[in-house]
Structures are given as structure tokens and as C-alpha cells.
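Q: As they're listed, the protein sequences go chains A and B. Numbering-wise (the working numbering), the first sequence opens with residue 412 and increments by one. Numbering-wise (the working numbering), the second sequence opens with residue 412 and increments by one.
2 protein chains.
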Amino acid sequence: MYAFCNFVIPMRKTHITIHDIARELNVSASTVSRALQDHPRISEPTREAVKRVAAKYNYQPNVVASSLRKGSSKTVGVIVPRINRNFFSKVIGGMEELLAASGYHLMICQTHEKLGNEVSAIQTLVNARVDAVMLSISMETFNYEHIRSLPERGIRLFFFDRAAGDIQTGSVVVDDRLGAYLSVLHLLEQGYRKIMHIAGADRINIYKKRKQGYLQAMHEAGIEVPSSWIMERNQVQEGGESAFSSSIKIKPEAFFCAGDFAALGVMQAARKAGLNVPRDLGITGFANEPFTAFIEPSLTTVDQRGAEMGSMVAGMFLKCEEEDTTSDTCEQKVLEPELIIRDSSVIHK
Amino acid sequence: MYAFCNFVIPMRKTHITIHDIARELNVSASTVSRALQDHPRISEPTREAVKRVAAKYNYQPNVVASSLRKGSSKTVGVIVPRINRNFFSKVIGGMEELLAASGYHLMICQTHEKLGNEVSAIQTLVNARVDAVMLSISMETFNYEHIRSLPERGIRLFFFDRAAGDIQTGSVVVDDRLGAYLSVLHLLEQGYRKIMHIAGADRINIYKKRKQGYLQAMHEAGIEVPSSWIMERNQVQEGGESAFSSSIKIKPEAFFCAGDFAALGVMQAARKAGLNVPRDLGITGFANEPFTAFIEPSLTTVDQRGAEMGSMVAGMFLKCEEEDTTSDTCEQKVLEPELIIRDSSVIHK
DNA sequence: AAACATTGTGCAATCGATTGTACGCTTTTT
DNA sequence: AAAAAGCGTACAATCGATTGCACAATGTTT
Numbered sequence: 412m413y414a415f416c417n418f419v420i421p422m423r424k425t426h427i428t429i430h431d432i433a434r435e436l437n438v439s440a441s442t443v444s445r446a447l448q449d450h451p452r453i454s455e456p457t458r459e460a461v462k463r464v465a466a467k468y469n470y471q472p473n474v475v476a477s478s479l480r481k482g483s484s485k486t487v488g489v490i491v492p493r494i495n496r497n498f499f500s501k502v503i504g505g506m507e508e509l510l511a512a513s514g515y516h517l518m519i520c521q522t523h524e525k526l527g528n529e530v531s532a533i534q535t536l537v538n539a540r541v542d543a544v545m546l547s548i549s550m551e552t553f554n555y556e557h558i559r560s561l562p563e564r565g566i567r568l569f570f571f572d573r574a575a576g577d578i579q580t581g582s583v584v585v586d587d588r589l590g591a592y593l594s595v596l597h598l599l600e601q602g603y604r605k606i607m608h609i610a611g612a613d614r615i616n617i618y619k620k621r622k623q624g625y626l627q628a629m630h631e632a633g634i635e636v637p638s639s640w641i642m643e644r645n646q647v648q649e650g651g652e653s654a655f656s657s658s659i660k661i662k663p664e665a666f667f668c669a670g671d672f673a674a675l676g677v678m679q680a681a682r683k684a685g686l687n688v689p690r691d692l693g694i695t696g697f698a699n700e701p702f703t704a705f706i707e708p709s710l711t712t713v714d715q716r717g718a719e720m721g722s723m724v725a726g727m728f729l730k731c732e733e734e735d736t737t738s739d740t741c742e743q744k745v746l747e748p749e750l751i752i753r754d755s756s757v758i759h760k
Numbered sequence: 412m413y414a415f416c417n418f419v420i421p422m423r424k425t426h427i428t429i430h431d432i433a434r435e436l437n438v439s440a441s442t443v444s445r446a447l448q449d450h451p452r453i454s455e456p457t458r459e460a461v462k463r464v465a466a467k468y469n470y471q472p473n474v475v476a477s478s479l480r481k482g483s484s485k486t487v488g489v490i491v492p493r494i495n496r497n498f499f500s501k502v503i504g505g506m507e508e509l510l511a512a513s514g515y516h517l518m519i520c521q522t523h524e525k526l527g528n529e530v531s532a533i534q535t536l537v538n539a540r541v542d543a544v545m546l547s548i549s550m551e552t553f554n555y556e557h558i559r560s561l562p563e564r565g566i567r568l569f570f571f572d573r574a575a576g577d578i579q580t581g582s583v584v585v586d587d588r589l590g591a592y593l594s595v596l597h598l599l600e601q602g603y604r605k606i607m608h609i610a611g612a613d614r615i616n617i618y619k620k621r622k623q624g625y626l627q628a629m630h631e632a633g634i635e636v637p638s639s640w641i642m643e644r645n646q647v648q649e650g651g652e653s654a655f656s657s658s659i660k661i662k663p664e665a666f667f668c669a670g671d672f673a674a675l676g677v678m679q680a681a682r683k684a685g686l687n688v689p690r691d692l693g694i695t696g697f698a699n700e701p702f703t704a705f706i707e708p709s710l711t712t713v714d715q716r717g718a719e720m721g722s723m724v725a726g727m728f729l730k731c732e733e734e735d736t737t738s739d740t741c742e743q744k745v746l747e748p749e750l751i752i753r754d755s756s757v758i759h760k
């Protein structure tokens, strides 16, 4: 057994612990622990000696042990539909910036819009004893039992962008209705009247809100919207293409799309059909995906201010930590989206 | 103090532990632990009783405690320059798929190409006692001390896409030289001769390889490449624009760009200058960012097979875990990139 | 000078799960 | 029938850091 150990030790070199430091200085481990935390009852010489030895061996505290004892892991779980959506990676960036500065790290999970993945991600994060979960619910999520289990277990919960309506907790969302309203208002100002809407699934709150904004703007402009002007499609390229082709006989003047990818689909289908965008057809999207700036013509869209959203959610959490309050006392904030006007909707005279 | 506790207890409801289960069944905690792990020495009735009670209370093992005892956290750290680059999010997706199936979770850190962030990310992951670190080094990383500390502490290390050349460990990279070679070969086949290269910083390995591939293809075609044909630029839009404008008097026939964003810059500048792409100027990029398929004309580029890369790295790690070997015994795999031919480089006759 | 306050440190319990060893009981072997 | 083997469970130590309490040594008050 000893001989075997000789092979194992060099490969799994053990980390330095406070006990190693304590032994070297002939003090107790508790003194080392306190010295490293600048506890006032530790004398200046001892504190310095401890820190010197710790630095010498590049001591790294074992956060696993510390988490276990303190019941806090200094880790925050983030659950997003997918990280490669520009908006979500912006949000994560915003969170990371604030949280890293306060010594927290992020554990990021993707649901790919599947409820099953969301449930298991929450389980994972509970097991890891994260201090909080930042969640943007998946499109399949209509049952909230798994989400409710978080506050029940003392884990703070915050929603961003997509909230589960009836759970009372801190959240930051963007005013989707307003974003849609501004976008459609802009199309109206450009002279487009027969504006159709490629909507997302109505059971998804954000899409419902976008539709409401569309209807409000049209209503205020005194335009009656027949139900055929609203087409529910998956917010992907094919959705836009299919919507365009089934709308041809209505001869729409513009499209307000609930997502950038659908808008892209419309644009490509329209150009293939020989239409000039924006002259023959105005198009606006939603989300400000990076490609919207690069395509020809560039796409008017709505920015959801992901980075700010991320840092606001992180800020809420840090405030809770500081004041030792639960997340259900936090506010529900609503950010104003920003309309980015580009070429796909502006008629040059 | 007691009164205060009354307020605190309902908010921080304690998690169920094996001791709670043990008490309810009048067995010891070790029996519960073994029963849950299907240890053969636990009798069938006991095992079932334990599992029933565990399910009743929705018991979730505390992985923090388990990690501390077992010295393994079932967590893998991933360090990437930025998660919103399509390639990296694909890699992460590929890793996640395999690792989640084996019960591992991911801790994702971004360096934003800064060495300082890389150092602190590694520190974070060491503290969290991750079982392995998957690393794609930042552009600023030329000192590898912080990276070497990982295997020294018994943490497995794997590189993907960008490896630190002199560290012996498992890695999966794409053959950048070959990708560049194929891309330039394709331009040559299309009849372009005066092909310029917008290179990345030469001290970055991937960019150096891409330049080598370019030179090899040109050389084999018998074309002498004056140094003015190679322009080193940041691989962003502005880099491409600036390269284009300073190349005008050379009258290039095509550009092979080391990145998609630089290619985009070239394309936009060229069109602004009244050139037709691909007729007057062929353009190819590198990375297969999603926007490359949407722009007009669509951009020929090289796909780095991120998802496969991610799952290969994850597979290497799982194999190490299974066989209990260190990561320095693993192979250095090289993936063949795929040339995606689109409109920006194909001259229709 | 006795009583008290302050300072610096160590002891030991704790967080929750894991695991080597021991022990009592039953079954099998000789 | 005695010895050996197998089974099922409990005990206690362990992972590393934290923290309430105890206690000795020193300083301050009356």
C-alpha cells in the first residue's frame, strides 16, 4: 500500500491547508484562519507571519470546505435558454462584471427551451448550494413547482427577461409592449399603413406583450387590424419566410416581427420575390442580434439592454446579501427598451 | 436573539440531510448513505425504506459536503475568451452535452482576452476544486505559470482551439493551417491570383498557422507574395475596413481574412467603393459566425467544428476519470476544419 | 494590591457525506 | 457441533475552514 502511495502522491499533490501553515508556525489552525480574515483579536506579528507563509506556498482557501461550514458557496447559478443568443450573453456579461467584483462566481446552465433541462438545471444548482439562481424561464415552462422549490430551500431567486408571473420575487424585465409600440409607431411615421405582425406563441408572455404593443400603436393610428394581419410563427428564419409567402395576396406594406430571425426570413423571402426593402416593404425585428447591423439593408430592431439587465439583477442580489433579506422583498423592475432605427424601415425621399 | 431567530428560520429553511432520514428510520447516517448509493451490503428492505423517505422529502445530497469528503466536485471549469462568440458557445454546448450526461456541471468563465482575467479565473476554479479545467488561452497569454499550477495541484487540464504549445496535456485544436490552405486554394481555383491576406497578430498561434496556410497555397500556385500583400490587423470590422482602404492602390483581386469580422469590414468597404463582390473582389473569412450566412453576398468561411471539439475534449476528460489517469497522458488531437463555400468567392460564369 | 477589563490564542464542535473497521447475527462448511 | 464465512448495520474518523467559548497573560482601575 505504501509503495502504491508513492506513485499516487506526485500525481495528486495535495493542496496546502491552514493546518500546514499552522504547523509551520507552531500556532493553531484557528489562529491561521482568523489571521487570514483580519480578525481583530489576532496580533499584528502573528497576522503578518501567517500571511507571509500563506503567500510563500501560494495558499488557496478551499472554498468547498468554507462553503460547507458557512452554508454559502459564493456561487450564483444562471439559467438561460441558450448562451449563444446575443442578448443572453450580454446579460451574463453584465452579471459577471458586478458579481466577480464581489467575489462570486457564476454557474451557467442552458435549457435550450426545454422544461426538462430547466428542472435538472435547478436540481444541479440546488445540489451545488448556490446562493442564488438567476432565471429566464424556458418556453415550455408553465408549471412552476420546480422554481418554487428554490425560495423554499432558502435560495434566492431572480427573474430576468422572462418571469414566471405569479411568483413574487425580484426581477428585471424589459417593457416588451413598449418596444413593440415604438417600433410600430416608427413604421407608421414612415408612412407604412398595412403593417403585419409575425407573432411568437401567444402563451409566451413576451410575445403576447409585443403583440399588445403592436395592436396599441395600430389602434391609436386608427387602423383596424384584421386577424389575418397577425401570423403566429416560430421566431426563426423559416418562420419569417413562411409568413411572407402566405401573406403575399394581402400585399403588406411592412412587417413588425417579434424576433430578428423571423425578420431576416421575411427580408430574404421578400428580396427573392423582387421586392425592395424598405421601399416596397418595411421590416423591423426584435432583439438586436449582431447580424442585424451587418445585413443589407441593415435591420431596424429593438435592443433589450441585456448588459444593464444583468447588472441590475446582480445588484439586487448583492443588496439582498448585504441586508440579509430574501429575494421576495425585491422589486420588479421594468427597463425601457431602445429602438434602433436602421435601413430596413426608413424610406429616403 | 430567539425572537430574531423566529424570523430567520422560515426564510432559511434548512435542507434535508441524511441524518434527518436516518432519524426517521432509526438507522445510522452511514446506512442511509450506503443505501442511496446502492451499496451491496445494505439489505433490500432497508434500501427501499431509505429511498422512499428520501423521495418523500425530496432529499438532495449536498454536493458541497460530498465534494469535500471525496475531493472531487463533479464540476468542470471552462475558460473561454468570450461566450458570445459563436464558435465558443458551440464548444461549450458540445462539452455540456457529454458532461451533463455523466453528472458533471460546468463553471464557465470569460477572459475577454485579458491575461489578468485568465489568472483570476484559474484561481476561482482552483478554489472551487473543479475536477478539470478546459482552457482556450487568451491572446495576452504568453506566460504559462498560472496554467502550470493546475496539473501541479492535481487538476486535469485540457486545451481546446488555442493551446499553450509547451505544456504537455490533452488538447483538441483545429488545423488552422489546413483551413487557410483550403480557403486560399478555393480562391485560386476561382481564378483569383492577387490574393491578399488580412492576418491576425503573428504571436498568436492560430493566426500564424492561418498565414502559413495562405503562404503555402500561394507558393504551390507559383505566386510570389510580396510582404505588402499581408496586412496585420485586429480581427474586427474596422480592421477589415482599414486594410481595404490601404490596399486600394495594389488593386487586389481577393482577400483571405483570418476572421469573419475583418472579412465583413472588407466587404462593406469594398461595396462602398463601388466594387462588386465577388466579381471584382473575392472575399473569404474564418470562423463561420452565424451572420456570414445572412449577409449579402453570403461569406465563404471556414467552420472550426466547435461542437465536435467540445465533445472530444469532454470525452478525453471522461476517459481520464474512468481510467484514473492524468491529463498529460492524453493525446493532442487535430480536427480538420470545413470550408463553407458561399457567394462571396464564387464567380458565376 | 485586589478586582476587573483587555488581548491573543487554543480547543473542540460544526457543516454533511463518505468509508474503513468492528461487531453481532445468521448461514454454511467440515 | 464447532469453526468459518457471509451479511447487515453502527461507530467514528475524515475532508478543511469556521467560530463560540475557555483560558492565560497582560494592562487598567480603584
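Where a beta carbon is used, it is the ideal one built from N, C-alpha and C, also for glycine.
By how many angstroms is the C-alpha of ARG540(B) removed from the C-alpha of GLU435(A)?
A: One C-alpha to the other measures close to 24 Å.
Q: Would PHE702(B) be called buried (16 or more neighbouring beta carbons within 10 Å of its own) or exposed?
A: The residue in question, PHE702(B), is buried, as its Cβ has 16 or more Cβ neighbours within 10 Å.
Q: Taking C-beta pairs closer than 8 Å, name the residues in chain A that VAL475(B) reaches, listed in chain order.
A: Ordered by position in chain A, the residues that pass the 8 Å Cβ test against VAL475(B) are VAL475, SER478, LEU479, SER484, ALA539 and ARG540.
Q: Against chain B, does LYS525(A) count as a neighbour if the rule is that its beta carbon must be under 9 Å from one of theirs?
A: No, no contact with chain B.
Q: Could you tell me whether the Cβ atoms of GLY651(B) and PHE672(B) are closer together than 9 Å?
A: Taking 9 Å as the Cβ cut-off, GLY651(B) and PHE672(B) qualify as a contacting pair.
Q: Given ARG604(A), which residues of its chain have a CB within under 7 Å of its CB, disregarding the five upstream and five downstream residues?
A: Taken in chain order, the residues that qualify are ILE634 and GLU664.
Q: Throw me the rounded Cβ distance for the LEU746(B) and VAL583(B) pair, which I believe falls under 8 Å.
A: Right, their Cβ atoms sit about 6 Å apart.
Q: Could you compute how far the alpha carbon of VAL713(A) sits from the alpha carbon of GLY611(B)?
A: Whole-angstrom Cα-Cα distance: 33 Å.
Q: Do ASP572(B) and VAL487(B) have their beta-carbon atoms positioned less than 9 Å apart in this structure?
A: No; because the gap between Cβ atoms is not below 9 Å, this pair is not in contact.
Q: Where do the N-terminal and C-terminal ends of the beta strand (DSSP E) with HIS759(A) fall, by residue?
A: Premise fails: HIS759(A) is in no beta strand (DSSP E) and is neither H nor E.
Q: According to DSSP, is CYS741(A) part of a helix, a strand, or is it coil?
A: It is coil, neither helix nor strand.
Q: Buried or exposed: GLN648(A), going by 16 or more other Cβ atoms within 10 Å of its Cβ?
A: With 16 or more other Cβ atoms within 10 Å, it is buried.
Q: Between the segment 504 to 522 of chain B and the segment 725 to 741 of chain B, are three or more C-beta pairs nearer than 8 Å?
A: Verdict: yes, contact present.
Q: Helix or strand or just coil, what does DSSP make of ILE548(B)?
A: Of the three classes helix, strand and coil, the one that applies to ILE548(B) here is coil, per DSSP.
Q: Could you spell out where the alpha helix (DSSP H) holding ILE558(A) opens and where it closes?
A: It spans 556 to 563 - the alpha helix (DSSP H) in which ILE558(A) sits, taken as one unbroken run.
Q: Which ranges does the alpha helix (DSSP H) cover as unbroken runs of at least 4 residues, wholly within the segment 615 to 695 of chain A, from first to last along the chain?
A: Counting only runs of 4 or more, we get 616 to 631, 648 to 658 and 671 to 683.
Q: What are the boundary residues of the beta strand (DSSP E) that includes ARG567(B)?
A: Taken as a continuous stretch (DSSP letters only), the beta strand (DSSP E) holding ARG567(B) covers 567 to 571.
Q: So which residues of chain B does PHE762(A) contact, with C-beta pairs closer than 8 Å?
A: This structure does not reach residue 762(A), given that chain A is present from 412 up to 760, and the question cannot be answered.
Q: By the DSSP assignment, the beta strand (DSSP E) with LEU710(A) in it spans what residues?
A: Element bounds for LEU710(A): n/a, residue is neither H nor E.
Q: At the level of alpha carbons, what is the spacing between ARG716(A) and SER477(A)?
A: C-alpha separation (whole angstroms): 36 Å.
Q: By how many angstroms is the C-alpha of PHE498(A) removed from the C-alpha of PRO748(A)?
A: Each residue's Cα considered, the two are about 12 Å apart.
Q: Please list the terminal residues of the continuous alpha helix (DSSP H) segment that includes GLN534(A).
A: That run of the alpha helix (DSSP H) goes 526 to 538.
Q: Sort out for me which residues DSSP pairs GLU749(A) with in a bridge.
A: DSSP output for GLU749(A) lists ASP714(A) as bridge partner(s).
Q: Considering Cα atoms alone, identify which of SER439(B), SER444(B) and CYS668(B) is closest to THR711(B).
A: Comparing Cα positions, the closest option is CYS668(B).
Q: Say whether chain B places a C-beta atom closer than 9 Å to the C-beta of HIS426(A).
A: Chain B contact via Cβ: present.
Q: So for THR457(A), helix, strand or coil by DSSP?
A: In this structure, THR457(A) counts as helix in the three-state DSSP scheme.
Q: Quick check on DSSP: helix, strand or coil for SER582(B)?
A: Here SER582(B) sits in strand by DSSP.
Q: Would you identify the three-state DSSP class for THR703(B), choosing helix, strand or coil?
A: THR703(B): helix per DSSP, three-state reduction.
Q: Label ARG463(A) either buried or exposed according to how many other C-beta atoms from any shown protein chain fall within 10 Å of its C-beta, with 16 as the threshold for buried.
A: Answer is exposed; the Cβ neighbour count stays below 16.
Q: Which residue comes first and which comes last in the beta strand (DSSP E) that contains HIS608(A)?
A: Element bounds for HIS608(A): 606 to 610.
Q: Tell me whether ASN437(A) is buried or exposed, calling it buried when 16 or more other Cβ atoms sit within 10 Å of its Cβ.
A: That one is exposed.
Q: So what does DSSP say about HIS430(B), is it helix, strand or coil?
A: In this structure, HIS430(B) counts as helix in the three-state DSSP scheme.
Q: Chain A partners of ASN554(B), CB-CB under 7 Å?
A: Per Cβ cutoff of 7 Å: no residues; ASN554(B) is ~15 Å from chain A at best.
Q: For SER500(A), which residues in chain B fall below 7 Å Cβ to Cβ?
A: Neighbours of SER500(A) on chain B, chain order: ILE494 and ASN495.
Q: Compute the Euclidean distance between the alpha carbons of PHE666(A) and GLU742(B), then round it to the nearest angstrom.
A: Between PHE666(A) and GLU742(B), the C-alpha separation is close to 53 Å.
Q: Quick check on ILE494(B): does DSSP put it in helix, strand or coil?
A: In the structure shown, ILE494(B) sits in coil (DSSP, three-state: anything other than H, G, I, E or B).
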